[in-house]
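Visitor: The structure is given below, and queries will be raised subsequently.
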Amino acid sequence: MVKSDSFHLETAGQTDILDITDKVSGCVRTSKIAAGLVNISVPGSTAGLTTIEYESGVIEDIKRAFETIAPGNIEYRHDLRWGDGNGYSHVRAALLGPSLSLPISGGKIILGRWQQIVLIDFDNRPRKREIIVQMVGD
Amino acid sequence: MVKSDSFHLETAGQTDILDITDKVSGCVRTSKIAAGLVNISVPGSTAGLTTIEYESGVIEDIKRAFETIAPGNIEYRHDLRWGDGNGYSHVRAALLGPSLSLPISGGKIILGRWQQIVLIDFDNRPRKREIIVQMVGD
Amino acid sequence: MVKSDSFHLETAGQTDILDITDKVSGCVRTSKIAAGLVNISVPGSTAGLTTIEYESGVIEDIKRAFETIAPGNIEYRHDLRWGDGNGYSHVRAALLGPSLSLPISGGKIILGRWQQIVLIDFDNRPRKREIIVQMVGD
């Protein structure tokens, strides 16, 4: 059984980190899939997905880490060529990856107690994003 | 067909890197799934999964790389707020990701000859971890 | 329904970044799966997969980012032990990950308009790679 769902959300860009756990869990609940996999993905090349403990300390720490890995204030070939100013966003998103798959058991996503699913929008401006939630199972 | 399995293991924390290939392969064998996908995941926000050539050189090189990306000896907001001392663990785990999906063919996981599935436990203390092995296929 | 496909390609190594979107899309089309998941993976421990906007600027920016994260000109334990000279390749591949799962809807992979699936071959020499394309769905 395959169930497809999606939702939209507005981000502030600039490595904005948003907790989407409740929305994804709602998709899983609606799907009535008891056991299987949920794949969450974000179309585009300047955003990514992972899981974190969603609290302000970790959020700031992750922003700083990405600033170290792909600084916002150095020169990028993408920007020299296209003038978008979001070369760093592309690099960060490629490293994090555009999708995440997690197990469903008992009709719920299996996560740790302090583990949330997050969208990270690396773009250099506010964006409207669509999150695709694809579920496969019984 | 969906098959769910899991196993526990004890880690030393401190970016401990453990080869879980045999245990995951055992789950796939038991499932009798001949073709499909296996998703391996670790609940929690201070551990992650990937594949490596599991030999002592690569293991040390990866530990050093994570020490460069998110050093253990700098200040983290998470630690200032909660006093856990594992702010670096959260950052490393978020970057690596909590799950991994691989193809099953002929009843086996498709991997390279020198490629093993590893759990990396970034927490700053020994942990007991549960690994969830979710299989979908025929 | 599970469908398995694969294709080969030659890389130049040295963090060569290749657009494999058309080949993967061809596998999805041939499978006749209308809705589900596609998992793309590369056997081996010195290559990985992600998505990017495939243009020369981003390609160069990503190569530089990996050179910063795991420089090619520092000492690696893997090389001291085995003399392969590709210690940095192992580290980069472990961080990026060996597989990628994306949703299929309407018989097509859901991607952004400027988002391509890429293989990154981090090895220090040209390689022939096999890409496994595993599809699950209806």
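Protein chains in written order, with my numbering: chain W, 274 to 411; chain A, 274 to 411; chain G, 274 to 411.
Backbone N, C-alpha and C fix where the C-beta goes; we use that ideal spot for every residue, glycine too.
What are the boundary residues of the alpha helix (DSSP H) that includes K296 of chain A?
Guide: Here the alpha helix (DSSP H) through K296 of chain A covers 294-304.
Visitor: Taking just the CA atoms, how far does S318 of chain W sit from S372 of chain G?
Guide: Each residue's Cα considered, the two are about 17 angstroms apart.
Visitor: Roughly how many whole angstroms lie between the Cα atoms of S279 of chain A and G309 of chain W?
Guide: S279 of chain A and G309 of chain W: Cα-Cα distance of roughly 14 angstroms.
Visitor: Please look up how many angstroms separate the CB atoms of L392 of chain G and V315 of chain G, rounded, as I've assumed it's under 8 angstroms.
Guide: Their Cβ separation, rounded to whole angstroms, is 6 angstroms, which keeps L392 of chain G and V315 of chain G in contact under 8 angstroms.
Visitor: Work out the CA separation of K305 of chain A and I342 of chain W for me, nearest whole Å.
Guide: Rounded to the nearest angstrom, the two C-alpha atoms are 43 angstroms apart.
Visitor: Under the DSSP definition of a beta bridge, which residues are partnered with G410 of chain W?
Guide: DSSP output for G410 of chain W lists W:G309 as bridge partner(s).
Visitor: From the DSSP output, in three-state form, read off F339 of chain W for me.
Guide: Here F339 of chain W sits in helix by DSSP.
Visitor: One question on the structure: do S374 of chain W and V311 of chain W come within less than 8 angstroms of each other, judged by their Cβ atoms?
Guide: Result yes, Cβ atoms of S374 of chain W and V311 of chain W sit closer than 8 angstroms.
Visitor: For a quick check, are the C-beta atoms of N359 of chain G and D396 of chain G less than 8 angstroms apart?
Guide: Yes, Cβ-Cβ distance for N359 of chain G and D396 of chain G is below 8 angstroms.
Visitor: Pull out every residue of the stretch 311-324 of chain G whose Cβ sits closer than 7 angstroms to any Cβ of chain A, in chain order.
Guide: Cβ contacts with chain A: N312, S314, P316, G317, S318.
Visitor: Give a yes or no on whether the minimum CB-CB distance between W355 of chain W and chain A is below 8 angstroms.
Guide: By this cut-off, W355 of chain W is not an interface position.
Visitor: Comparing the C-beta of V268 of chain W with each C-beta of chain A, is any distance below 8 angstroms?
Guide: No answer is possible for residue 268 of chain W: it lies beyond the span of chain W, which begins at 274 and ends at 411.
Visitor: Hey, quick one: how far does the beta strand (DSSP E) through S318 of chain W stretch, first residue to last?
Guide: First-last for S318 of chain W: undefined, no H or E at that position.
Visitor: With a threshold of 8 angstroms between beta carbons, is D334 of chain A in contact with chain G?
Guide: True, the Cβ-Cβ gap to chain G drops below 8 angstroms.
Visitor: Using beta carbons (cut-off 8 angstroms, strictly below), is S374 of chain A in contact with chain W?
Guide: Taking Cβ atoms only, chain W reaches closer than 8 angstroms to S374 of chain A, which makes this a yes.
Visitor: Would you kindly work out how many angstroms separate the C-alpha atoms of D411 of chain W and S277 of chain A, rounded to a whole number?
Guide: Each residue's alpha carbon lies about 12 angstroms from the other.
Visitor: Using the beta-carbon count (16 or more within 10 Å), is T303 of chain W buried or exposed?
Guide: Under this definition T303 of chain W is an exposed residue.
Visitor: Counting only C-beta atoms, is A285 of chain W closer than 8 angstroms to chain G at any point?
Guide: No, A285 of chain W lies away from the interface with chain G (no Cβ there is under 8 angstroms from its Cβ).
Visitor: The beta strand (DSSP E) spanning L384 of chain G covers which residue range?
Guide: Segment: none, L384 of chain G is in no beta strand (DSSP E) and carries neither H nor E.
Visitor: Three-state secondary structure (DSSP) at I347 of chain W?
Guide: In this structure, I347 of chain W counts as coil in the three-state DSSP scheme.
Visitor: Quick one: is V301 of chain W near chain G, going by C-beta distance under 8 angstroms?
Guide: Chain G, which has no Cβ nearer than 8 angstroms to the Cβ of V301 of chain W, makes this no.
Visitor: With distances taken from CA atoms, which of A:V275, A:H281, A:T324 is nearest W387 of chain A?
Guide: Ranking the options by Cα distance to W387 of chain A, first place goes to A:T324.
Visitor: So with Cβ pairs under 8 angstroms, would you call S329 of chain G a contact of chain A?
Guide: Not an interface residue.
Visitor: Once the 5 residues before and after E283 of chain A are set aside, which same chain residues still bring their CB inside 6 angstroms of it?
Guide: Correct list, in chain order: K401.
Visitor: How is the alpha helix (DSSP H) around Y361 of chain G delimited, first residue to last?
Guide: Per DSSP, Y361 of chain G belongs to the alpha helix (DSSP H) from 360-369.
Visitor: Starting from the beta carbon of A308 of chain A, find every residue of chain G whose beta carbon is closer than 7 angstroms, and list them in chain order.
Guide: The answer, in chain order, is V275, S277.
Visitor: The beta strand (DSSP E) with D357 of chain A in it runs from where to where?
Guide: Taken as a continuous stretch (DSSP letters only), D357 of chain A belongs to no beta strand (DSSP E), as it is neither H nor E.
Visitor: Quick test of your reading: V364 of chain A and A366 of chain W, contact by CB under 8 angstroms. State the CB separation rounded to the nearest angstrom.
Guide: The pair is not a contact, with the Cβ atoms about 17 angstroms apart (cut-off 8 angstroms).
Visitor: Looking at the unbroken beta strand (DSSP E) that takes in T284 of chain A, where does it start and where does it end?
Guide: Per DSSP, T284 of chain A belongs to the beta strand (DSSP E) from 275-284.
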